[in-house]
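Chemist:
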Amino acid sequence: MRAAYPLIEDIEARLRPLEVALAEAWWETSTRVSEEAKERRERIELERRALLADADAFAAIRDARTGSVADPLLRRQLDVLHDAFAPHQVPEDLRRRLVELEVDVEATFNSHRGEIDGERVDDNHILEILRTSEDAGERRAAWQASKQVGARVAEQVRELAGLRNEAARSLGYRDHFELALATGELDEGRLFATLDEVDRATAGPFREWKARLDESLAARFDCEAAALRPWHYDDPFFQDPPVAGALDLDPLFEDADIEGLTLSTYDGLGLDLRPVLERSDLFAREGKSQHAFCIDIDREGDVRVLCNVEPNERWMDTMLHEFGHATYDREVDRTLPWLLRAATHALTTEGVAMLFGRLPRDPDWLRTIAGVAEARIDELAPRLAGSRRANLLVFARWVLVMTNFERGLYADPAGDHETRWWELVERLQLVHRPEPEAAEAAWASKIHLTVAPVYYQNYLYGELVASQLGDAVAARAGGLGERAEAGRLLVDEFFAPGASLRWDQLVERATGAPLGARAFARQLAA
Ligand SMILES: [Zn+2]
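Count along the sequence shown from 1, add 9, and you get the number used in the working numbering.
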């Protein structure tokens with residue numbers, strides 16, 4: 010057996026330059042169109058995958074973990090390496106078939122356009138109809154157009170689930186669902202206990218809120234509430250509340266300095282993000298990515314944000330969200346070993362980002378940072394609370410559908426997913442299924458099943474972290490508004506430990522309780 014330390018040192022020496030080069034290439038391809046950078050990114054990505062598939066290295070990692078490694082940081086690095094290598098330990102031909110099928114389905118999603126009356130339409134067009142049309146027939150056609158891709162890819166998604174299971178079984182797991190959770194530091198029993206807790210906390214308030222919504226939709230579309238179908242709810246999956254009648258905060262931000270407000274939010278906590286701002290790329294330009302993200306290039310302080318800022322609420326929320334990721338990355342203790350010098354889990358960094366992204370709907374923030382007049386805030390306050398609550402309720406019910414559905418998909422890829430899907434939607438989202446001929450394989454039109462399998466639970470966990478961490482900061486430092494002690498608390502208790510602690514230990518240490526739905530439920534009741 011090799012000693013743990015030289016093994017880790019050896020793997021770090023091979024992995025670290027690849028990760029840094031990949032981050033740089035990723036940034037380059039996102040900020041300007043360049044064939045050269047694109048090729049470089051693909052080449053490094055392949056090299057990285059080849060390293061993670063190294064069977065000898067994996068055997069040595071497994072071996073080292075069975076021995077007694079007293080140093081907790083060494084142990085933890087072995088755990089991190091194990092979870093990074095494990096999913097790649099798949100026979101060569103199976104790995105190739107998986108990649109080919111994934112690329113194939115993704116290409117179908119990218120090139121597919123739904124059709125309304127024989128005319129090809131893009132997603133923005135469909136969403137625009139669902140947001141604005143008063144004509145139920147037109148809405149139905151738009152919703153159907155959004156589902157057509159499902160029928161095209163359904164067979165391939167089943168096949169993909171089967172291949173992923175084959176790979177998981179070759180590694181000793183029941184199916185891909187179990188493998189993905191286990192190598193993502195999530196315990197299946199605990200996940201479903203948390204989902205049950207969320208179900209219980211949201212079922213009553215959601216039912217009440219939904220009844221009021223249905224009443225107003227029935228009036229709007231001049232029908233019985235029982236006649237409402239999925240196309241009456243704006244979002245094709247009902248993952249956000251309908252926008253009609255929702256609270257529009259854009260007027261508050263139309264003349265705002267979004268960059269300046271972002272800096273002053275973090276300045277108030279004693280967190281200086283000017284070094285990030287200087288390296289960031291924040292405004293729309295030809296040839297750059299239309300999305301938003303934060304990237305830690307080298308785990309040495311070079312952290313950058315990409316946005317396409319416009320003066321409205323969405324971008325205010327997005328900037329605070331991305332700079333939340335950035336401040337976390339910047340404040341991880343830089344004396345930690347490189348492998349542990351990062352956020353410990355997707356759900357902890359999403360939780361922090363979501364906590365800051367909620368601020369534009371927080372009266373305290375609107376007053377102190379955005380400088381909104383007191384009278385205007387008093388007028389908005391009840392509706393701010395209502396809209397925060399509606400967002401959390403609708404999103405939570407939707408994640409329950411997705412996670413339960415995905416577990417069943419991998420349990421039996423050949424199963425009757427059509428029936429299971431609509432049963433979950435009816436039971437959890439209280440949306441009536443349409444007649445069968447309205448849409449075939451609507452379930453398969455959700456792209457996450459293909460490109461981000463078994464990931465959805467992280468979004469819900471992120472919301473739970475945001476609520477629980479927000480409560481802890483409020484109780485111990487009075488909240489996030491202009492309080493340096495709140496910033497210190499976040500840095501010391503949550504950011505600095507990086508991945509030296511598992512996410513569940515970190516959350517418990519920082520908030521005084523294991524991650525659960527209590528704080529989240531309290532916010533729903535408020
Ligand atoms: Zn994020």
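Ideal Cβ positions, reconstructed from N, Cα and C, are used throughout, including at glycine.
Would you check if the stretch 394-404 and the stretch 272-292 touch, i.e. whether three or more CB-CB distances between them fall below 8 Å?
Modeler: The stretch 272-292 is not in contact with the stretch 394-404.
Chemist: Taking the Cβ atom as the reference point for each residue, do I82 and L515 lie within a distance shorter than 8 Å?
Modeler: Along the sequence shown, read from residue 1 onward, the residue named residue 82 stands at position 73. Along the sequence shown, read from residue 1 onward, the residue named residue 515 stands at position 506. Reading off the sequence shown, one finds Leu at residue 82, where the question assumed Ile. Not closer than 8 Å, so no.
Chemist: With H, G and I counted as helix, E and B as strand and the rest as coil, what does DSSP make of L315?
Modeler: Counting from 1 along the sequence shown, the entry for residue 315 is found at position 306. Note: L315 maps to strand in three-state DSSP.
Chemist: From F246 to E322, what does the alpha carbon distance come to, in whole angstroms?
Modeler: Your numbering for residue 246 matches position 237 in the sequence shown. Your numbering for residue 322 matches position 313 in the sequence shown. Rounded to the nearest angstrom, the two C-alpha atoms are 23 Å apart.
Chemist: Hey, could you find the ends of the beta strand (DSSP E) I125 is sitting in?
Modeler: On the sequence shown, position 116 is the one that residue 125 refers to. Its beta strand (DSSP E) spans residues 123-125.
Chemist: For A351 and G146, I'd like the C-alpha separation in whole angstroms.
Modeler: For this step, residue 351 is matched to residue 342 along the sequence shown. For this step, residue 146 is matched to residue 137 along the sequence shown. Cα to Cα, A351 sits roughly 50 Å from G146.
Chemist: Helix, strand or coil, according to DSSP, for D342 in the structure here?
Modeler: If you number the sequence shown from 1, residue 342 lands on position 333. Coil, per DSSP.
Chemist: Quick check: is any heavy atom of ligand 1 less than 7 Å from the C-beta of H334?
Modeler: Mapped onto the sequence shown, residue 334 falls at position 325. Yes, the Cβ of H334 comes within 7 Å of a heavy atom of ligand 1.
Chemist: My output table needs one value for D276: the three-state DSSP class, helix, strand or coil.
Modeler: The count along the sequence shown starts at 1 and reaches residue 276 at position 267. Three-state DSSP puts D276 in a helix.
Chemist: Do you know offhand how far V29's Cα is from A390's?
Modeler: Reading the sequence shown from its first residue, position 20 is the one you call residue 29. Reading the sequence shown from its first residue, position 381 is the one you call residue 390. Those two C-alpha atoms are separated by around 45 Å.
Chemist: Which residues in the same chain as N133 place their Cβ atom closer than 8 Å to its Cβ, once the five residues preceding and following it in sequence are excluded?
Modeler: The residue labelled residue 133 in the question sits at position 124 within the sequence shown. Result list for N133: empty, nothing under 8 Å.
Chemist: Please state whether DSSP places I378 in a helix, a strand or coil.
Modeler: Indexing the sequence shown from 1 puts residue 378 at position 369. Looking at I378 - three-state DSSP - the assignment turns out to be coil, as it is neither helix nor strand.
Chemist: Return helix, strand or coil for D305, following the three-state DSSP convention.
Modeler: Residue 305 sits at position 296 when you count from the first residue of the sequence shown. DSSP places D305 in strand when its eight states are reduced to three.
Chemist: Whose CA, out of A420, D92, R518, lies closest to the CA of A170?
Modeler: Within the sequence shown, numbered from 1, the residue matching residue 170 stands at position 161. Out of A420, D92, R518, A420 has the C-alpha closest to the C-alpha of A170.
Chemist: Return helix, strand or coil for E263, following the three-state DSSP convention.
Modeler: Stepping through the sequence shown from its first residue, residue 263 is reached at position 254. Three-state result, E263: coil.
Chemist: Can you tell me which of the three DSSP states R367 falls into?
Modeler: Translated into the one-based positions of the sequence shown, residue 367 becomes position 358. Correct three-state label for R367: coil.
Chemist: How many angstroms separate the CA atom of M10 from the CA atom of R74?
Modeler: What you label residue 10 is simply residue 1 of the sequence shown in a count that begins at 1. What you label residue 74 is simply residue 65 of the sequence shown in a count that begins at 1. Any reading at M10 needs caution, since the residue's pLDDT is 48, under 50, leaving its predicted position unreliable; the model's value is listed next. Looking at the two C-alpha atoms, the distance is approximately 10 Å.
Chemist: With DSSP run on the structure shown, which of helix, strand or coil describes M10?
Modeler: Looking up residue 10 in the sequence shown gives position 1. Only weak support exists for where M10 lies, its pLDDT of 48 falling under 50; the coordinates are left without a value.
Chemist: Starting from the N-terminal side, write out each stretch of the alpha helix (DSSP H) that is 4 residues or longer and does not extend beyond the stretch 416-440.
Modeler: DSSP runs (the alpha helix (DSSP H)) wholly in the stretch 416-440: 426-433.
Chemist: In terms of alpha-carbon separation, which member of A394, R173, R178, E233 lies closest to E109?
Modeler: For the purposes of this step, residue 109 is taken as the residue at position 100 of the sequence shown. Checking every option, the nearest Cα to that of E109 belongs to R173.
Chemist: Identify every residue that forms a DSSP beta bridge with R129.
Modeler: The residue labelled residue 129 in the question sits at position 120 within the sequence shown. The partner list for R129 (beta bridge, DSSP) reads E124.
Chemist: Pull up the distance between the alpha-carbon of A382 and that of P320, whole angstroms please.
Modeler: On the sequence shown, residue 382 is found 373 positions in, with the first residue counted as 1. On the sequence shown, residue 320 is found 311 positions in, with the first residue counted as 1. About 19 Å.
Chemist: Given this structure, state the Cα-to-Cα distance separating D295 from L315, to the nearest angstrom.
Modeler: Position 286 of the sequence shown, counted from the first residue, corresponds to residue 295. Position 306 of the sequence shown, counted from the first residue, corresponds to residue 315. First, the residue type needs correcting, since residue 295 is Glu and not Asp in the sequence shown. Looking at the two C-alpha atoms, the distance is approximately 14 Å.
Chemist: Quick test of your reading: L329 and G366, contact by CB under 8 Å. State the CB separation rounded to the nearest angstrom.
Modeler: Position 320 of the sequence shown, counted from the first residue, corresponds to residue 329. Position 357 of the sequence shown, counted from the first residue, corresponds to residue 366. Yes, L329 and G366 are in contact; Cβ-Cβ is about 5 Å, under 8 Å.
Chemist: Between which residues of its own chain and A526 is the CB-CB distance below 7 Å, once the five residues before and five after are set aside?
Modeler: Counting from 1 along the sequence shown, the entry for residue 526 is found at position 517. The residues are T203, E206, V207, A210, L473.
Chemist: Would A160 pass as a contact of I125 if the rule is Cβ separation under 8 Å?
Modeler: Here residue 160 corresponds to residue number 151 of the sequence shown, with the count starting at 1. Here residue 125 corresponds to residue number 116 of the sequence shown, with the count starting at 1. No.
Chemist: Tell me whether the beta-carbon of H97 lies closer than 8 Å to the beta-carbon of R58.
Modeler: Within the sequence shown, residue 97 is the residue found at index 88, counting from 1. Within the sequence shown, residue 58 is the residue found at index 49, counting from 1. Yes, they are a contact pair.
Chemist: Is D281 helix, strand or coil when you go by DSSP?
Modeler: By 1-based counting over the sequence shown, the position of residue 281 is 272. The answer is coil: DSSP assigns D281 none of H, G, I, E or B.
Chemist: Contact defined as beta carbons within less than 8 Å: I believe I386 pairs with L375. What is the distance between those atoms, to the nearest angstrom?
Modeler: Along the sequence shown, one-based indexing puts residue 386 at 377. Along the sequence shown, one-based indexing puts residue 375 at 366. Confirmed, about 6 Å.
Chemist: Helix, strand or coil: how does DSSP classify D92 here?
Modeler: The residue you call residue 92 lines up with position 83 of the sequence shown. If DSSP states are grouped into helix, strand and coil, D92 belongs with the helices.
Chemist: Starting from A73, trace the alpha helix (DSSP H) both ways and give me its first and last residue.
Modeler: If you number the sequence shown from 1, residue 73 lands on position 64. Segment 64-75, the alpha helix (DSSP H) holding A73.
Chemist: Nearest CA to the CA of D4: which residue from E446, Y337, I135, A522?
Modeler: Missing from the structure shown is residue 4; the chain here goes from 10 to 535 and no further.
Chemist: Below 7 Å, is the gap between the Cβ of A4 and the nearest heavy atom of ligand 1?
Modeler: With the chain covering only 10 through 535, there is no way to say anything about residue 4.
Chemist: Tell whether a beta-carbon distance below 8 Å holds between L55 and A93.
Modeler: Residue 55 sits at position 46 when you count from the first residue of the sequence shown. Residue 93 sits at position 84 when you count from the first residue of the sequence shown. Not a contact, by the Cβ cut-off of 8 Å.
Chemist: Using a Cβ-Cβ cut-off of 6 Å (strictly less than) and excluding sequence neighbours within five positions of G333, which residues of its own chain qualify?
Modeler: Indexing the sequence shown from 1 puts residue 333 at position 324. Excluding residues within five positions, the ones whose Cβ falls inside 6 Å are V361, A362, F365.
Chemist: Going straight from the alpha carbon of V99 to that of R71, what length do you get?
Modeler: If you number the sequence shown from 1, residue 99 lands on position 90. If you number the sequence shown from 1, residue 71 lands on position 62. When rounded, the distance between both Cα atoms is 16 Å.
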